[in-house]
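All remarks here apply to the structure that follows.
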Amino acid sequence: MTAEGKEVIYENFVTSDVILDWQGKSYFFPSKLAFALFFIKQLEITEHHFVINSLALPFSVLYICHQKVVMFWYGKNTVMVMSREICN
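With the numbering used here, you'll find the sequence shown wraps up at 96, consecutive numbering, no jumps.
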């Protein structure tokens with residue numbers, strides 16, 4: 009929300025659309041992934057590295073972007089994942 013209480017980003021849970029009201033325009037995205045890719049493009053960071061602390065949506069973004077990125081997470085499953093033997 010803005011300082012005036014106006015919503016800037018919101019999601020329609022029925023249709024899964026994300027709506028962004030920004031710079032005097034309304035943008036409609038069919039998914040969170042489409043919104044995230046738009047957001048990254050607007051940041052103009054395509055030639056830079058960035059860090060995302062999560063897995064679900066960020067993994068999808070990274071899969072589409074093909075950029076050099078560090079993605080990390082921590083949780084109860086971290087120990088399990090990190091202790092698995094690597095299959096050759």
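All C-beta atoms, glycine included, are put in the ideal place defined by N, C-alpha and C.
Item: By a C-beta neighbour count over all protein chains shown, 10 Å radius and 16 as the cutoff for buried, is residue 21 buried or exposed?; Value: exposed
Item: Look at residue 40 and residue 65 and say whether their C-beta atoms are less than 8 angstroms apart.; Value: yes
Item: By the DSSP assignment, the alpha helix (DSSP H) with residue 49 in it spans what residues?; Value: 40–51
Item: Just confirm the distance between the C-beta atoms of residue 45 and residue 72, as a whole number of angstroms; I'd bet it's less than 8 angstroms.; Value: 6 angstroms
Item: Express the C-alpha separation of residue 29 and residue 10 in angstroms, rounding to a whole number.; Value: 11 angstroms
Item: Starting from the C-beta of residue 36, find all residues in its chain whose C-beta is less than 7 angstroms away, skip the five residues before and the five after it, and write them out in chain order.; Value: 25, 27
Item: Do you know offhand how far residue 67's Cα is from residue 12's?; Value: 34 angstroms
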